[in-house]
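Here is the structure we will look at.
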Amino acid sequence: MKKKVALITGITGQDGSFLAKLLLSKNYKVHGIKRRTSFFSTKRIDDVLKEKHSKNQTINLHYGDVTDSVNCFDLIKKIKPDEVYHLAAQSHVAISFEQPYYTANVDFLGTLNMLESIRIYNKKIKFYNAASSEMYGDSRNSIGEQNENTTFNPKSPYAVSKLASFHLTKVYRESYGMFASNGILFNHESEIRGENFLTRKVSKFVAKYSFTKKGILLLGNLDSYRDWGYAPDFVDGIWRILQYKHPDDFVLSSGITHSVKKFVILAFKHIGVELKFKKIGNQYFGYNKLNNNLVLKTINYYYRPNEVNYLKGNYLKAKKKLKWKPKTNINNLIKIMVDNDIENLRKSL
Ligand code: NAP
Ligand code: G4F
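With my numbering applied, the sequence shown covers 1 to 349.
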């Protein structure tokens, strides 16, 4: 049987690398777009790339950038994919306030370039767009959860760009009959999460603290709530979205929400450290309960000009239609992340 061909934009990122491995395990021929960088950027997929010569199963990488429309079209024409997973983005919310034009260019126009390339070359190619729970902003429905029918109220240049690309994907679906679907994904993390996202910043610090019992973790807002899941569970959902009988939009979430403060408390608890907090004005100070040593504080630098205070996703539609549900709870997620960072440190000693 002919292998299905998939093209992943953002293959060097967290989700792209997990998805590439999932698709290889399903016997897909996998292609990915990587940007030219001054350092190698393929760390997350190097294990698979190394197998290139020993096994027939590998990832075919192509240089490219989703802001380059000619490049996008050329790659679609050359690769002739059956399925395109469009994950490439400037994905950091706080940075989108510092680089709004760049974020809009990659996250919105990049999506337009991919959709146009598919429309012109072959409208039968299935398209997945990586939309985000950030698009909800502070909008909550009556049960305090967000689902596919909840109103969007974006709070950052990132969220606005993602919302524009969400609508654009729907427009291509409705106007040209394309199989173009959106996944509205809530936060999902892992041991290979980018190091400037909250969970990884915390897991790395906690791992180091377990060895040194030194250092002060500097954070921003501890009072926001996030619905955190595990990335490998979510890429399985992404794949299911493109296997569904027709194109549609789906929320993928854990369905449970915790404050940032709770995440930090649980991460320290994992290494046997209990925290106690003091709040002076708006600033938090966190101490090791055992010896009263200061281990964390909040500083203005990490606060955002605008914050999404509360995210809790309802994934009922995905559960019913895609038979998808998350498998990993927050305690297991923290265990995976902190233990992996401890192991990384051990190896580097
Ligand atoms: P990530 O780790 O930041 O990966 C982003 C990927 O996009 C990287 O491979 C990056 O390449 C690539 N990229 C950035 N700009 C590009 C450009 N102009 N052209 C080509 N590639 C470009 O993000 P992630 O966590 O895997 O998330 C994947 C997607 O899901 C993103 O669109 C994100 O916005 C969205 N999303 C993520 C979450 C989450 O919680 N993780 C939730 C909802 C939605 P480099 O390696 O060269 O930087
Ligand atoms: O880890 P974060 O930066 O993730 P955020 O902003 O929720 O965005 C992530 O999830 C979105 C889905 O909802 C994705 F679309 C997006 O691409 C990305 O993957 O921040 C989580 C929370 C925020 O409330 C932030 O203000 O943690 C708070 N926070 C507190 N101190 C911090 C810090 N965030 C970061 N990155 N760094 C801090 O020092």
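Glycine included, C-beta positions come from ideal geometry on N, C-alpha and C.
In its chain, beyond the 5 residues on either side, K29, P81, D82 have a beta carbon closer than 6 angstroms to the beta carbon of V5. Annotated three-state conformation of Q243 is helix, per DSSP. For V273, the three-state secondary structure derived from DSSP is coil. Residues close to ligand 2 by the beta carbon criterion (under 5 angstroms to any non-hydrogen atom) are, from first to last along the chain, S91, V93, S132, S133, E134, N187, F197, L198, L219, G220, N221, S224, V260, Y302. Out of S17, K2, W239, the CA that lies nearest to the CA of A318 is found in W239. Here the stretch 106–120 lies against the stretch 151–171, with 3 or more beta-carbon pairs under 8 angstroms apart.
Apart from sequence neighbours up to five positions away, no residue of its chain approaches D47 with a beta-carbon distance below 7 angstroms. Burial state of D15 is buried, judged by a 10 Å Cβ sphere holding 16 or more other Cβ atoms. The continuous beta strand (DSSP E) containing K34 extends over residues 29–34. In this structure, E148 and F250 form a Cβ contact; the two beta carbons are roughly 7 angstroms apart against a cut-off of 8 angstroms. The beta-carbon separation of N129 and T169, rounded to 4 angstroms, stays under the 8 angstroms limit for a contact.
According to the DSSP assignment, I256 belongs to no beta strand (DSSP E), since it is labelled neither H nor E.
Taking a contact as a CB-CB distance under 8 angstroms, the pair G64 and I33 counts as one, their CB atoms being some 4 angstroms apart.
By the neighbour-count definition (other C-beta atoms within 10 Å, threshold 16), Y136 is a buried residue. Here the stretch 258–278 makes contact with the stretch 330–340; the two share three or more CB pairs at distances below 8 angstroms.
Contact check for V308 and S224: beta-carbon distance about 7 angstroms, within the 8 angstroms limit, so the pair qualifies.
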